[in-house]
Amino acid sequence: MNYWLVKFAPFRYSWQEILRNGKFEIYSVRNPQARNNLKAMQLGDQVLFYHSQEDNCIMGKMQVTVTAHQDPTTDDPKWLSVTFEAIASFEKLIPLSQIKEVKELAHIGLIKHPRLAVMPLSKSDFEAIESL
Numbered sequence: 008m009n010y011w012l013v014k015f016a017p018f019r020y021s022w023q024e025i026l027r028n029g030k031f032e033i034y035s036v037r038n039p040q041a042r043n044n045l046k047a048m049q050l051g052d053q054v055l056f057y058h059s060q061e062d063n064c065i066m067g068k069m070q071v072t073v074t075a076h077q078d079p080t081t082d083d084p085k086w087l088s089v090t091f092e093a094i095a096s097f098e099k100l101i102p103l104s105q106i107k108e109v110k111e112l113a114h115i116g117l118i119k120h121p122r123l124a125v126m127p128l129s130k131s132d133f134e135a136i137e138s139l
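Numbered continuously in this note's numbering, the sequence shown closes out at residue 139.
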């Protein structure tokens, strides 16, 4: 099993919409590194969902239910989409400021590559974030 963090702006698709609809299909990812990360996702992989541009916090946890497929927002076959289902909301949201306070997490993509929309996490980093 792999672990990931996915960032999406809440004005495009929010955590509340994911909970209401039961699923989320990430779309319009145009960064090659993020695309490669989408391509590497496997069924059942665990994913943290992060509200970017507003709120700047981790809202909850999802899992991969449909692996990489054609992004529905383009006909260009190189761009991919992945579908997730919500597993759990965090009672207490995990803000970026709190993550930055944990020295052991200083190396994660959320800190080192803040513009990347899809990034891998190690199991220990995933669990450390969950425990916040």
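We treat Cβ as the ideally placed atom computed from N, Cα and C, and that holds for glycine.
Bridge partners - residue i, DSSP secondary structure assignment
{"i": "M48", "result": "Bridge partners of M48: none, in fact."}
{"i": "T57", "result": "According to the sequence provided, residue 57 is Tyr. The question's Thr does not apply to it. Beta-bridge pairing links Y57 to K14 and I65."}
{"i": "V73", "result": "T90"}
{"i": "I101", "result": "I65"}
{"i": "S96", "result": "G67"}
Whether residue i touches residue j by CB criterion (8 angstroms)
{"i": "K130", "j": "I94", "result": "no"}
{"i": "E111", "j": "G29", "result": "no"}
{"i": "M126", "j": "N43", "result": "no"}
{"i": "S104", "j": "I33", "result": "no"}
N-terminal and C-terminal residue of the alpha helix (DSSP H) that residue i is part of
{"i": "I118", "result": "G116 to K119"}
Terminal residues of the beta strand (DSSP E) in which residue i lies
{"i": "K30", "result": "K30 to I33"}
{"i": "G128", "result": "It is worth fixing the name first, because residue 128 is Leu in this sequence and not Gly. It spans V125 to L128 - the beta strand (DSSP E) in which L128 sits, taken as one unbroken run."}
Practice problem: Tell me, please, whether the stretch 11–30 touches the stretch 62–78 by the rule of three or more beta-carbon pairs shorter than 8 angstroms. | Solution: yes
Quiz item: Taking contact to mean at least 3 C-beta pairs separated by less than 8 angstroms, is the stretch 74–81 in contact with the stretch 95–103?
Solution: no
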